[in-house]
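In the working numbering, the protein residues as written are 25 to 339.
Please read the structure below before turning to the comments.
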């Protein structure tokens, strides 16, 4: 069992570096790596010459997604970066101008991610009641509980990634942890479930491994399910590759043998009663509108990045 293009040990290191962190953390790393890749492709294309620039950009962005993970969010950000860089390349033969557009997209995405993190934490804290239980990442859970104050609040633990333990450390112990394996029993005590979604693609949600069983248990018990998903984690189309592309990580069994387990899994969007981006809330009958609104985000970011380029050309 060897990873393509490398030794078995290299495969373990590459997969072992992936872990569940929540979509904002993942996307910040993705933007950093993707922009470095685009800068390299652009410089090489202009200095060495030849080749298909768009094809080269697509290939490098796909490589970054292979490193960070194929999720609706990384797919969506790839489409934004691809569109902006190719538009700039077609509009000018000046390498510096193309690099400026790439840099402006980076700044816009980084600023947007910071604003989205604030929005999600605020929305999460407003959803917390005495009858709520959280299924979230360490970073969002900690910010959510800090803003809500009081506690302790019930949180689904997160197994391999010690999510609840990390939230407890960050909040001074304001957490009661439940393993996902006890989801049905735990949910009998609560009337609402607050779930962080790591992405939405078409009619499918992506969430932390173990989440589908929690959602299905909540639905059987008629527990209200509210999803938290920021705008850049919503990809309007079905995700390329589907479940075959869900990122995996390597852990070790008690026998010391490596084993590949998923970080994320998928579930039907219709299991949730509503989804909020922190900016707008969508009920089940509004999910088509959620996908439509998300598609507009790419247009706005790309347009703002290339606007200065077009203005300079007209002068």
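Backbone N, C-alpha and C define an ideal beta-carbon position, used for all residues, glycine too.
Look at the alpha carbon of residue 211 and the alpha carbon of residue 291, and state the distance between them as a whole number of angstroms.
-> Between residue 211 and residue 291, the C-alpha separation is close to 18 Å.
Going by CA-CA distance only, name the one from 165, 136 and 137 that's closest to residue 150.
-> Of the candidates 165, 136 and 137, the one whose C-alpha sits nearest the C-alpha of residue 150 is 165.
Mind pulling the alpha helix (DSSP H) runs of 4 or more residues that sit fully within the region 188–224?
-> Assignment of alpha helix (DSSP H) within the region 188–224, counting only whole runs of 4 or more residues, yields 207–211 in chain order.
So residue 232 is in the beta strand (DSSP E); what residue range does that whole segment cover?
-> Here the beta strand (DSSP E) through residue 232 covers 228–232.
Below 8 Å on the Cβ atoms is my guess for residue 224 versus residue 261; work out the distance and round it to an integer in Å.
-> 11 Å between Cβ atoms; not a contact.
Exposure of residue 89, with buried meaning 16 or more beta-carbon neighbours within 10 Å = It is buried - the Cβ of residue 89 has at least 16 other Cβ atoms within 10 Å.
Apart from the five residues on each side of it in sequence, which residues of its chain come closer than 8 Å, Cβ to Cβ, to residue 50?
-> 92, 93, 95, 97, 98 and 222, listed in sequence order.
Segment contact flag, the region 72–89 with the region 284–298, C-beta cutoff 8 Å, min 3 pairs = Taking 8 Å as the limit for Cβ pairs, the verdict is that the region 284–298 does not touch the region 72–89.
Three CB pairs or more closer than 8 Å across the region 112–127 and the region 62–69 | Put simply, the region 112–127 touches the region 62–69. At least three CB pairs are less than 8 Å apart.
Looking only at DSSP bridge pairs, what is residue 344 linked to?
-> Since the displayed the chain opens at 25 and closes at 339, residue 344 lies outside it and no answer follows.
Close-in-space but distant-in-sequence residues of the same chain around residue 147 (CB under 7 Å, 5 per side omitted) = Counting only Cβ-Cβ distances below 7 Å, and skipping sequence neighbours, we find 252, 300 and 302.
Cβ contact check for the region 183–203 and the region 238–255: 3 or more pairs under 8 Å = No: the two stretches stay apart, fewer than three of their Cβ pairs being nearer than 8 Å.
Local Cβ density within 10 Å of residue 193, reported as buried at 16 or more and exposed below that | Exposed, because fewer than 16 other Cβ atoms sit within 10 Å of the Cβ of residue 193.
Just curious, the beta strand (DSSP E) that residue 178 is in, first and last residue?
-> Under the DSSP assignment, residue 178 falls in the beta strand (DSSP E) whose first and last residues are 177–180.
Roughly how many angstroms lie between the CA atoms of residue 305 and residue 314, to the nearest whole one?
-> Looking at the backbone, the Cα of residue 305 and that of residue 314 are separated by about 9 Å.
Kindly list the residues whose CB is nearer than 6 Å to the CB of residue 231, restricted to its own chain and excluding five residues on each side of it in sequence; keep chain order.
-> Once the five neighbours on either side are set aside, the close Cβ partners of residue 231 are 221 and 222.
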